[in-house]
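Undergrad: full-length UniProt numbering numbers the first residue of the sequence shown as 1 and each following residue consecutively. Here a beta-carbon is modelled for each residue, glycine too, at the ideal position from N, C-alpha and C. Structure below; questions to follow.
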Amino acid sequence: MSHIEIVELRSYYPPGVSEIIVLGGGSFIGLIDDTTVLKYPNIPGDIEGIHVEAKLLEVLGSHPRIIASKGLTEHGLLLQRASNGSMYGYISSQPVIALELKLRWCRQAAEAVGYIHRKHVIHCDINLRNLLLDTNLDLWLADFQGMLKSSDNVTLLDGLFRECSKSYSPRDHGDFACEKTDIFALGSAISFIMTGHEVSHTLTVL
Numbered sequence: 001m002s003h004i005e006i007v008e009l010r011s012y013y014p015p016g017v018s019e020i021i022v023l024g025g026g027s028f029i030g031l032i033d034d035t036t037v038l039k040y041p042n043i044p045g046d047i048e049g050i051h052v053e054a055k056l057l058e059v060l061g062s063h064p065r066i067i068a069s070k071g072l073t074e075h076g077l078l079l080q081r082a083s084n085g086s087m088y089g090y091i092s093s094q095p096v097i098a099l100e101l102k103l104r105w106c107r108q109a110a111e112a113v114g115y116i117h118r119k120h121v122i123h124c125d126i127n128l129r130n131l132l133l134d135t136n137l138d139l140w141l142a143d144f145q146g147m148l149k150s151s152d153n154v155t156l157l158d159g160l161f162r163e164c165s166k167s168y169s170p171r172d173h174g175d176f177a178c179e180k181t182d183i184f185a186l187g188s189a190i191s192f193i194m195t196g197h198e199v200s201h202t203l204t205v206l
């Protein structure tokens, strides 16, 4: 008989957070000011994944297609705020989006993924909720709780996040991830950008 642990999540506000603007799979995104948010764990103290993300962003450094880190605090990770939110939210709220803008996003998403792969980072969760939009509607790739590989493909860091079922490439081992699995998820994201819906939008996620 299996045992299911039920964890009740309660909102909480570290110093400086005025409101929670996003509830993620394992974290809250709290508003600090117009340019900064704090990513912090749903469960106080459960911060290991956020530490991995901080290290991955340090490896990646500054890049126009990658969300900027503003450093760790004792409560979480300070990040640049995307003033236009996620691409998922933007596309869902706009009845018509110009083809030119869609093509720009596709190019920028591919640019972001190509860059992180050159740095030996595997994102592991590419989807429109992790593609953010700045003031100019330019794209940032965010939510780095994936993997860092060595040049000979040894896993150095792993935040243990993987793709959702609708952007998940079939594989022999569920925890396996590589550049190809990221590219599969990128293709699903590009399809969403161009069509306005998920590849498998008629399926129900179990």
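Under 6 Å Cβ to Cβ from residue 29, same chain only, skipping five residues before and after it: list those, please.
TA: Locating residue 29 in the sequence shown gives position 29, where the first residue counts as 1. Cβ within range, chain order: 21, 22, 37, 39.
Undergrad: List the residues that DSSP assigns as beta-bridge partners of residue 238.
TA: Past the edges of the chain, shown from 1 to 206, lies residue 238, and the structure says nothing about it.
Undergrad: Starting from residue 73, follow the alpha helix (DSSP H) in both directions and report where the run begins and ends.
TA: By 1-based counting over the sequence shown, the position of residue 73 is 73. First-last for residue 73: undefined, no H or E at that position.
Undergrad: So, at 8 Å on beta carbons, what are the nonlocal neighbours of residue 108 in its own chain, with the 5 sequence-adjacent residues on each side left out?
TA: As a position in the sequence shown, residue 108 is number 108, starting the count at 1. If we look at residue 108 and ignore the five residues flanking it on each side, its Cβ neighbours are 65, 138, 139.
Undergrad: Would you call residue 145 buried or exposed, if buried means 16 or more other Cβ atoms sit within 10 Å of its Cβ?
TA: One-based indexing of the sequence shown puts residue 145 at position 145. The residue in question, residue 145, is buried, as its Cβ has 16 or more Cβ neighbours within 10 Å.
Undergrad: Quick one: Cα of residue 196 to Cα of residue 117, how far?
TA: One-based indexing of the sequence shown puts residue 196 at position 196. One-based indexing of the sequence shown puts residue 117 at position 117. So the alpha carbons of these two residues sit roughly 27 Å apart.
Undergrad: Can you give me the C-alpha to C-alpha distance between residue 76 and residue 83, rounded to a whole angstrom?
TA: Here residue 76 is taken as the residue at index 76 of the sequence shown, counted from 1. Here residue 83 is taken as the residue at index 83 of the sequence shown, counted from 1. The alpha-carbon atoms of residue 76 and residue 83 are separated by roughly 20 Å.
Undergrad: Does the Cβ of residue 153 have 16 or more other Cβ atoms within 10 Å, making it buried, or fewer, making it exposed?
TA: On the sequence shown, residue 153 is found 153 positions in, with the first residue counted as 1. That one is exposed.
Undergrad: Give the straight-line distance between the Cα atoms of residue 12 and residue 131, rounded to the nearest whole angstrom.
TA: Locating residue 12 in the sequence shown gives position 12, where the first residue counts as 1. Locating residue 131 in the sequence shown gives position 131, where the first residue counts as 1. Going by the C-alpha atoms only, they are around 25 Å apart.
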